[in-house]
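S.K.: Residue numbers (this note's numbering): 91 to 414. Where a beta carbon is used, it is the ideal one built from N, C-alpha and C, also for glycine. These numbers come from a predicted model, not from an experiment.
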Amino acid sequence: MGNSQSHSSEPFTENGVEKYAKFDDDWFAEGASRYAYRGKINSVSMGWFKRSERCVVKLYKEKYSARLKEDAWKADNRASLKAQETSVAFNVHYSGKSSARVEVLTPTISQVKTFAAHKQLVGDPVPKTIRGTHIGRTAKADVMVPEGASVAIERLLPGRYVHFLSNSSYVNPDVDTLVPEAFSHFTYHESEGEILVMDLQGVYNGKSYVFTDPSVHSMEKHGKKFGYYGPADLGVYGVMKFFLDHKCNRLCKGLLTPDTSGIPIEMRGDLIQAIKAIEARSSTTYTYELVVNSGLAAEKLQNLHTEIAQALTKSGSTIPETVC
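1. Tell me the rounded alpha-carbon separation between GLU389 and THR377.
2. Kindly give me the distance between the Cβ atoms of PHE332 and SER373, rounded to whole angstroms, as I take these residues to be in contact under 8 Å.
3. Pull up the distance between the alpha-carbon of ALA367 and that of ASN383, whole angstroms please.
4. Can you list, in chain order, the residues of its chain whose CB lies under 8 Å from that of LYS453, leaving out five sequence neighbours each side?
5. What residue range is occupied by the uninterrupted beta strand (DSSP E) comprising LEU361?
6. Could you tell me which of TYR110, TYR260 and GLU369 sits nearest to MET288, measuring between CA atoms?
7. Could you work out which residue in VAL300, GLY283, ALA122 and PRO304 is closest to SER170 when comparing CA atoms only?
8. Quick check: the Cα distance between ALA126 and LEU149, rounded to an integer number of angstroms?
9. For GLU397, which residues from the same chain have a beta carbon less than 7 Å from its beta carbon, with the 5 sequence-adjacent residues on both sides left out?
10. Helix, strand or coil for ARG124? Go by DSSP, reduced to three states.
11. What whole-angstrom Cβ distance do LYS109 and VAL134 have, given they're in contact under 8 Å?
12. Check GLN201 in the structure and name its three-state DSSP category.
13. State the DSSP-derived secondary structure class of ILE243, mapped to helix, strand or coil.
14. Mark SER152 as exposed unless 16 or more other C-beta atoms lie within 10 angstroms of its C-beta, in which case mark it buried.
15. When the Cα atoms are used, what is the spatial distance from ASN393 to PRO354?
16. Taking only runs that begin and end inside the segment 98 to 124, name each unbroken beta strand (DSSP E) of 3 or more residues, in chain order.
17. Between GLU369, ALA242, LYS337 and ARG340, which has its C-alpha nearest GLY328's C-alpha?
18. Beta-carbon separation of ILE131 and ILE243 under 8 Å?
19. Do the segment 225 to 233 and the segment 248 to 265 meet, that is, are 3 or more Cβ pairs less than 8 Å apart?
20. Tell me the DSSP secondary structure of VAL287 in three-state form.
21. Considering only the beta carbon of each residue, do VAL269 and ALA387 sit closer than 8 Å?
22. On a CA-only basis, which of SER298, GLU104, GLY344 and VAL413 is nearest ASP266? Give me that one, please.
23. I need the DSSP call for TYR378, collapsed to helix, strand or coil.
24. Does DSSP classify LYS404 as helix, strand or coil?
25. What do you reckon, are the CB atoms on LYS203 and SER98 nearer than 8 Å?
26. Can you tell me whether VAL194 sits near the ligand MN, meaning its C-beta is under 7 Å from at least one heavy atom of the ligand?
27. In this structure, how does DSSP classify LEU195 when only helix, strand and coil are distinguished?
28. Can you tell me whether ILE409 is helix, strand or coil according to DSSP?
29. Is ILE225 helix, strand or coil when you go by DSSP?
30. DSSP state of SER188, grouped into three classes?
31. Any idea if SER405 is buried or exposed, counting beta-carbon neighbours within 10 angstroms, 16 or more meaning buried?
32. Can you tell me which of the three DSSP states ALA388 falls into?
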C-alpha cells in the first residue's frame, strides 16, 4: 500500500473546461456513507504551466445506496443544492447587518474511471492491493474502488476545518457558532417551515463561512417523504429537536419558529419518545438509528412524521405563527 494517486475519475466539465480528478490509492477518512481520498483536479488538456487543484474525493459505499434505494449521491446533491439556495437568501437578508456571509459548496459528481493497478508488459493491468473496508485490512483496488462507482469531488478548503453544529443539534462549544446557528434557523424561516439546514461544517476565514456536506431536515410537503434528503434527514424529529435546544441570538430576531399547538395530544408521547432518541452528538445521526433508539417501528416513525407535519401545516402552507 502507498499514497500514490493511481485512481482517476471520469472527465467532467467545469466553467467550460474539461477536467478530471486523480486520487490516492488509500482512503484517509471514513464516514457512514463514504470513504474520503485526497486528490487533485487536473485539466484534461493541462499544460505544464497550469496548476492542479487539491481536492477530496468521496467514494460512496454500495450498502449506503442499497439503503436509500437510489444512487446515494442524488440525496446528498439535493441537500447541497437546497442548502446553497438558502445561503444566497441568507446573504441578501443579512446584508449590512454585521453578519458574516455564508457559502455552501456543492460537490461535482462523477464516476471512477480507472483504479490503481500495476501495468504489465503483456496482458491487462493487475489491480494493486490497497486499504480495505477497515484500517488494518487490505483489498484489491478493483473491488474497493470499482470502475463506474459514484464519487463526489470537493475542492480542499484552505484553513482550519471545523464542525460547527451537527444534525442532532449538537453545538461545538469551542468555537463561535452565532452565525451557523442563525443560518440554520433562517433556513426554516426562509422556507416557511419546509426545511432546516443542519450539520454545518467547513471553514471560517474571518469574513465568511464556507460549508460543505450539510444535512437537511425536511417536512412533508410537495410529495417529499420522510428522508427525502437522505438518511441524515431526520424530518420533523430533527426540526423539533433543533428548536427545543436552540437559543436564539441577535440574528434570529423576527425569524419564524414552529407552532406546536396544533399537534394532537395523542401523538405527543411518541413524538417526545422519538426526539429523545436523537442524542446531541458531534457525529451525524441517521434515520435508521431512530428505529433502534426510539423503540418505534420504521412505519410508525414515517406515519407519525407525516401526521405531525400535516398538523403544523395551515391551509396547505407550512407557515408557523410564532416568531423568535
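M.R.: Result, derived from the coordinates:
1. 12 Å
2. Contact doesn't hold; Cβ gap of about 17 Å is too wide.
3. 5 Å
4. Nothing about residue 453 can be read from this structure; the chain reaches only from 91 to 414.
5. First-last for LEU361: 355 to 366, but that is the alpha helix (DSSP H), not the beta strand (DSSP E).
6. TYR260
7. PRO304
8. 6 Å
9. MET357
10. strand
11. 6 Å
12. strand
13. strand
14. Per the sequence presented here, residue 152 reads as Glu, with Ser not at that position. So GLU152 counts as exposed.
15. 14 Å
16. 102 to 104 and 107 to 113
17. GLU369
18. yes
19. no
20. strand
21. no
22. SER298
23. helix
24. Its pLDDT being 49, under 50, LYS404 is placed unreliably by the model, and the measurement read from it follows with that caveat. Residue state, collapsed to three classes: strand.
25. yes
26. Looking for the ligand MN in the displayed structure turns up nothing, as the structure carries no ligands at all.
27. coil
28. Here the model assigns ILE409 a pLDDT of 46, short of 50, so the residue's position is not dependable, and the following value carries that caveat. Looking at ILE409 - three-state DSSP - the assignment turns out to be coil, as it is neither helix nor strand.
29. coil
30. coil
31. For SER405, the predicted model reports a pLDDT of 33, less than 50, meaning its position is unreliable; a value from the coordinates is still stated below. SER405 is exposed by the Cβ-count criterion.
32. helix
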